[in-house]
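Take any residue in the sequence shown, count from 1 to its spot, add 6: that is its number in my numbering.
By construction, the Cβ of each residue, glycine as well, lies at the ideal position given by its N, Cα and C atoms.
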Amino acid sequence: MGEHTIVVNADIEQATISRYIYGHFAEHLGRGIYEGIWVGENSSIPNTKGIRNDVLTALKRLDIPVIRWPGGCFADEYHWKDGVGPREKRKRMVNTHWGGVVENNHFGTHEFMLLCELLGAEPYICGNLGSGTVQEMSEWIEYLTFDGESPMANWRKANGRERPWQLKYFGVGNENWGCGGNMRPEFYADLYRRYQTYVRNYGDQKIYKIACGANVDDFRWTEVLMREAGQFMDGLSLHYYTVPGVWEEKGPATGFTKDEWFITMRKALYMDELIKRHSTIMDQYDPVKRVGLVIDEWGAWYDVEPGTNPGFLFQQNTIRDALVAGVTLNIFHDHCERVHMANIAQMINVLQAMILTKGAKMIVTPTYHVFEMFKVHQDAKKLAVTSQVQPIDTGDYELPQISVSASRDREGNIHVSLCNLDCDSGANVHIALRGTEQLGHITGRILTGKDIDAHNTFENPNVVTPEVFEDFKIESHRLDVFLPSKSVAVITVEPW
Ligand code: AHR
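Now the structure itself:
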């Protein structure tokens, strides 16, 4: 049983944990958009203007701040003009990246903006730099945001939307080192400078422009982009997926071994090193941290579920994924001065999803529950935390057993999120809450599972679900917490 000491310094507020760290990503991939979100107005599945109601209700509980769309690799093949106007007349295309299926373009700009409006989320649109023209990108911005007389604004009005939308975030290409054009950083940096010039700010809109950033540990990409184009961007992205195995054989989403559990934890923790190293390069060009590191694709990536289309990236989601989510969000908090946004891949039915659907049925995943439990950190002030955490000895390497983060929200509540990364042993965690007056009411919630691959199914949707957590004692300003193995908990201390 590990013994751990943590000090939460309630009188040392650090940066704000941007709510945009709790962002999502929804790509035209597999059953992510079609079936997962869009069923169409004539569907027997209850919907709001084509968007399924059960999914909307579940997503609303997450307070989703931002959604990235339409890709991913799909973004650099997407031609937005095919996705506006009367649906029955929209062009059908092949989704060459993802399963070679027909994309009927029924979910386009208007439908995406409606989804964002219904959820109260900001749109983050990723433009096509790989196979699209500067004019096409520029006209998309005009269509979305121009309030006046112009060809694109007039077309938008003719398509039923009089007022322009507010567009906060725009990405200039996706993975342009790979599926978005196989470019060198020097070439992309120049193209980025050119394309972003025509991402105009109309009226009082101020678009936050995001340049395509590095693949995992390609530090040279970050160096070149910051040097050559840093002054023209507000954010630079980073993509990193937690893959327990190798790319060709990633490992199963369920039925995995303990070794695979620990490897997954180790690889999730690698996010910390990646952020530190990319940030160090960014600091040289931008010491005041004006440019955000936008981790707009992250999450666990396993082999697809047996019998499903390999191009659809459909995977189950277990308590292991809950740990990946909890650990990663705690890491983002640690770096919130530089990490302005993050978008988990992906929202529904794809990779580390919040929600899985099967026809009219819907379940929420362990990852969903972590996002719901952790939402108390959104826009809260990060508190300084020091810790003495004992390692887990896996035989081959050591891992910290506990991941922790703390924040204070606007009402003065202190929230401490804790993860026990060990799938075998519980942990005694002694938390000193210093720098506060008397402590108010203390409550907790916990997510755990009996088996290492505990997960929800359509038959048993509540196998992994948050419960009230009371396994702690309060001694003056110290909380003695017992965290069971493979668990994620959030403890809230109200002000006195
Ligand atoms: O999220 C799935 C894919 O992963 C995205 O389309 C791409 O950007 C990344 O390689």
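In summary, N466 is exposed, with fewer than 16 beta-carbon neighbours lying within 10 Å of its beta-carbon over all protein chains present. For R233, the enclosing alpha helix (DSSP H) stretches over residues 225–235. According to the DSSP secondary-structure assignment, K256 is paired through a beta bridge with no residue. Closest in alpha carbon position to F262, among C218, I325, D289, C132, is I325.
In the DSSP assignment, E404 is bridged to D399. Distance from N434 to H34 at the Cβ level is roughly 47 Å; contact not present, criterion being Cβ atoms closer than 8 Å.
Burial state of V310 is buried, judged by a 10 Å Cβ sphere holding 16 or more other Cβ atoms. With contacts defined as CB atoms closer than 8 Å, N315 and H30 fail to qualify as a contacting pair. In the structure shown, the three-state DSSP call for H461 is strand. Short of 7 Å from the beta carbon of L319, and not among the five residues preceding or following it, lie these beta carbons of its own chain, in chain order: L35, G36, V310, V356, L357. Closest in alpha carbon position to G219, among Y198, H341, R162, is Y198.
Per DSSP, C122 is one residue of the alpha helix (DSSP H) stretching across 115–125. DSSP, reduced to helix, strand and coil, places L357 outside both helices and strands of the structure shown, so it counts as coil. Taken from the Cβ of H245, at least one heavy atom of the ligand AHR lies inside 7 Å. R233 and F193 have their C-alpha atoms roughly 13 Å apart.
Residue state for C218 is assigned as strand, using DSSP reduced to three classes. Note that the C-beta distance between C425 and T22 is not below 8 Å. In summary, Y130 is buried, with 16 or more beta-carbon neighbours lying within 10 Å of its beta-carbon over all protein chains present. Set against 7 Å, the gap from the CB of A351 to the closest heavy atom of the ligand AHR is smaller. Excluding the 5 residues flanking it on each side, R162 has same chain C-beta neighbours closer than 7 Å at Y149, in chain order. Excluding its 5 nearest sequence neighbours in each direction, A390 has C-beta neighbours in its own chain below 7 Å: N15, I18, Q20, listed in chain order.
Per the DSSP secondary-structure output, K367 pairs in a beta bridge with K364.
Within the same chain, and ignoring the five residues on either side of F238 in sequence, the residues whose Cβ sits closer than 6 Å to its Cβ are R199, Q202. Looking only at V72, I213, E181, K264, the smallest Cα-Cα distance to T228 is reached by E181. The continuous beta strand (DSSP E) containing R451 extends over residues 445–454.
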